[in-house]
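One structure is given below, encoded as structure tokens.
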Amino acid sequence: MSCSPVPRSKHSFRRAHARRFPSEAGCNDRDATRERRPRRGGAGSRRVGSLGVLLCLLLVWTGCGDSTEGAGRGRPPTPVVVGKPFERAFADRIEALGTARANESVVITARATETVAEVHFEDGQHVEAGTTLVTLRSREERAQLAEARARLEDAKVRYRRVADLARSGTESQSRYDEVRTALEAAEAQVAEIEARLSDLRIRAPFSGVLGLREVSPGTLVQPGDRITTLDDIDLIKLEFSVPETVLSILRPGLAVETRSAAYPDRRFEGRVTAIDSRVDPETRAVRGRAEIDNADHALRPGMLLTLVLEANPGRGLALAEEALIPIGSSQFVVVLGEDDAPQRVEVRIGRRVPGFVEILSGLEPDSRVVVDGASLIPPGGMVRVLREQAPPGA
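Numbering (our numbering), first residue to last: 2 to 395.
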């Protein structure tokens, strides 16, 4: 009986092979698994893709159908206030800062080295021109003046005697010239001493208000030492600077309205009196000067003032500034048409005054314009008029 080998099955062979070569068997198993998986992108995936495309088309169609006009549909009307353009005065307006200066101003100083004998004024006192403010000691100068005047009288007597003799021919011309020269010298000496005495008496050069005194009796002063200040503030000179771009409308005679932080509820009025002949090459500004009446001395030199200049006055169509809707470099307003349907209209504006702007084109006097709430109106939306605003002063 012969024993022939039993043939192995295919699966037995694979198991044996897997035990012998485990890595290769794993690869074969993965390949078999990959072969058993269904392929992607078949009929099912194509159906899902078609549904996605249809959904996108539906959304696009719905968005296109929601036009700008219909964007505001379904929303409640926007409450607004409506007004009409009205006629009012306008002018080219210049605003600037200025510094108050006294009409005349000087620092009172000593002109000689001497001791203060008397002080004749009080702090802040108003004085007239020529009023003596301070007297310096002058005993030596007074003695010299008395001596010089005596010599002058003697020179006058000799001159008259010699002049009479010279006219009669009994005195020479040279003698006459000599006594005349002596007389002139005596007169000059008296004038010199009187000038020195005048320097020892310090007076107010013009009418005005004195500042704080800085000397007392007994103080030794020298030429240039400060005694006090004197300002004429019945009239204030306001110095200001404005850009060179307003030179075309800036001219003497323009009315000026000024304000001070010290008097917030008060206005001071004046006029431009002068414009500088030069423009500052660094700041590109030009200096000007205005005069303001200050009879009650409310303004003081050195105060900072705000000023407003107005030129080229005229009348124009005005609208509340809040009605403007700026878009880029253009200005728009919302006008109500029939059935209060809002419509955005472009306008051209001109000069401005506080709270209002001049309308040069784009509106008619009877246009109904949204002056409050215009920016809240959605595209295609409707409005609900809360009230009709009357023109100022109506």
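Ideal Cβ placement from N, Cα and C applies to all residues, glycine included.
- The Cβ-Cβ distance between Val222 and Thr114 falls below 9 Å.
- Leu201 is the residue among Leu201, Gly125, Thr133 whose C-alpha sits nearest the C-alpha of Glu142.
- Assignment of beta strand (DSSP E) within the region 274–315, counting only whole runs of 3 or more residues, yields 286–294 in chain order.
- Within its own chain, the residues whose Cβ lies closer than 8 Å to the Cβ of Leu146, once the five positions on either side in sequence are excluded, are Val191, Ile194, Glu195, Leu198, listed in chain order.
- Counting every other CB atom within 10 Å of its CB across the protein chains shown gives Ser368 a total of 16 or more, marking it as buried.
- The beta-bridge partner set that DSSP reports for Ala164 is empty.
- Inter-residue distance for Val257 and Arg76 is about 52 Å (C-alpha atoms, whole angstroms).
- With a beta-carbon spacing of about 7 Å, Gly289 and Leu251 fall inside the 8 Å limit used to define contacts.
- Taking 3 residues as the shortest admissible run, the region 309–371 contains the following complete beta strand (DSSP E) segments, listed from N- to C-terminal end: 326–328, 331–337, 343–354, 357–362.
- Excluding its 5 nearest sequence neighbours in each direction, Gly271 has C-beta neighbours in its own chain below 6 Å: Val257, Ala291, Glu292, Ile293, listed in chain order.
- The C-beta distance from Ile109 to Thr220 rounds to 14 Å, too long to fall under 8 Å, and the pair is not in contact.
- Inter-residue distance for Val334 and Ser376 is about 9 Å (C-alpha atoms, whole angstroms).
- Contact check between the region 114–128 and the region 170–181: fewer than three CB pairs, one atom from each, fall below 8 Å, which does not count as touching.
- Bounds of the alpha helix (DSSP H) holding Leu198 are 174–200.
- When the five nearest sequence neighbours on each side are left out, the beta carbons in the same chain lying within less than 7 Å of the beta carbon of Ala324 are those of Val334, Val370, Val371, Val372, Ala375, in order along the chain.
- One Cα belongs to Asn104, the other to Gly317, and the distance between them is close to 39 Å.
- Here the alpha carbon of Pro282 sits roughly 10 Å from the alpha carbon of Glu245.
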